[in-house]
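This report concerns only the one structure given below.
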Amino acid sequence: MRVCALCSLSVARAGLGSGLFSLRRSFSSLPALCARKKSSEYSCVDSEHYSSLVRAVVSTRTSAQTPESIESEDARLFGAVVRSKPRQAPKKTLKNPCPLLNEAKSSIWSEHEEGAMTRIALQRNSDQPALPSVTKVLQKTMSASQLFYLERWKRRKIAELGEEGFKEYSMNLFKQGKLFHAAIEAALTQETPPKEDVECPECPDEVAGYLQSISHVLEDVTGVRAIESVVEHQSLKYLGIMDCVAMYRGSLCVIDWKTSEKPKPFLHNTYDNPLQVAAYIGALNSDNNYSYQVENGLIVVAYKDGSPAHSHRLSAEQVTQYWEKWLFRLEEYKEKDV
DNA sequence: GGATCCTTCTTCTTCTTC
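The numbering used here numbers the first residue of the first sequence as 905 and each following residue consecutively.
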């Protein structure tokens, strides 16, 4: 039996069995009638003729619907509801819990403390097995849904730009990120960045918008303690390179600068970035190359058009929560890696 | 000189109607 989409939907929602069958009978010839005309199917309805029927179906006075009545009606129409068993995810426990803070380090660094800026470069010791990096761990332990959405995004982009176009697009994103980081480094250290880090003949002022975007954030960044510096967790055996450690509005933070095409006004828009920052903070606190400890984090998302960057502060409590999530991911990585 | 490393980014439903 052919039924207009609107009719079947409305009646099913109204949950009136008898009304459903009479309505279906009454409207069953509509599509055929409408097909002869180009106009909308709904314009063919003789609303005056059917007005009492429609009123009867949708009126709450004649149908005191309750969740129970709707459910029993649905069961009659569509069969019994198959309910999945509520799954209680077992509370996972860390096999190797590790504190975020380091008792051996006396206190959180204060703004008035003197100290040189640290910039430890990455060095590979070929004699020892390579430690996993923060980025690698996060990439290798993405959830199935994360991978699904990323893969879908990639497929859509390739469909839009072609394989070569996509490669170029990706390379350009990375390039912009690198140029942006070099420009921030120069701004925070008052140093002139290496020529190759800022020059981009085919794209002048490539990072001008990004710098404009973060200008209001930079005003609150003082006392830079580290830039592009390697941190290594002494016991958990992983490493990473922090963007920056500095004072931001009164607290010492590990700062991560990001560029983004899409606005990221909320912390959850930044996906694994908070875990990345927590991982750096934990490593920094355990690393004896740094005499101080850090409790807070900051993620700054800059935009090319110069619109104000979104900055997401991570309180000490939030960092602790993300630290625990990071530890789970690290355990997962190590289990996979074995 | 070449290879490798870390990082740089990318994600969250989708449609109609007013």
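Cβ atoms here follow ideal geometry from the backbone N, Cα and C, with glycine treated the same way.
The beta carbon of Ser-1219 sits closer than 8 angstroms to the beta carbons of Asn-1200 from its chain, once the five residues preceding and following it are set aside; these are given in chain order. Cβ atoms of Ala-1182 and Gly-1144 stay farther apart than 8 angstroms, at about 11 angstroms. In the structure shown, the three-state DSSP call for Arg-1129 is strand.
Leaving aside the five residues that flank Tyr-1207 on each side, the residues in its chain whose CB is nearer than 6 angstroms to its CB run, in chain order, Ser-1117. Rounded to the nearest angstrom, the Cβ distance from Cys-1148 to Val-1128 is 7 angstroms, consistent with a contact under 8 angstroms. The continuous alpha helix (DSSP H) containing Ile-1185 extends over residues 1177-1190. Residue range 1048-1093 is occupied by the alpha helix (DSSP H) that includes Lys-1071.
Ala-1112 sits in a helix when the DSSP states are folded into three classes.
Here Tyr-1152 really is in contact with Leu-1202; their C-beta atoms are around 5 angstroms apart, less than 8 angstroms.
Of the candidates Ala-1025, Tyr-1142, His-1216 and Thr-1039, Tyr-1142 places its Cα closest to the Cα of Gln-1032. In the three-state reduction of the DSSP assignment, Lys-1162 falls in the strand class, which pools E and B.
Beyond the five residues adjoining it in sequence on each side, Phe-1070 comes within less than 7 angstroms, by CB distance, of Lys-1061 and Ile-1062 in the same chain, given in chain order.
Thr-1039 sits in a helix when the DSSP states are folded into three classes. The beta carbon of Arg-1233 is closer than 7 angstroms to those of Val-1041, Leu-1042, Thr-1045 and Leu-1179 in its chain, skipping five residues each way along the sequence.
As DSSP reads the structure, Met-1021 sits in no beta bridge.
Ranked by Cα distance from Gly-1210, the options Leu-1065, Tyr-1237, Tyr-1114 and Thr-1022 are led by Tyr-1114.
Nearest neighbour of Asn-1177 by Cα position, chosen from Ala-1112, Tyr-1194 and Trp-1230, turns out to be Trp-1230. Annotation: Asn-1192 to Ser-1037 spans about 18 angstroms, alpha carbon to alpha carbon. Where Asp-1241 is concerned, the enclosing alpha helix (DSSP H) starts and stops at 1220-1241. Between Ala-1087 and Thr-1126, the CB-CB gap reaches or exceeds 8 angstroms. Looking from the CA of His-1216, the closest CA among His-1085, Pro-1167, Gly-983 and Glu-1228 belongs to Pro-1167.
Counting along the chain, the unbroken beta strand (DSSP E) around Leu-1202 starts and ends at 1200-1206. Using a Cβ distance threshold of 8 angstroms, Met-1146 and Tyr-1175 do not count as a contacting pair.
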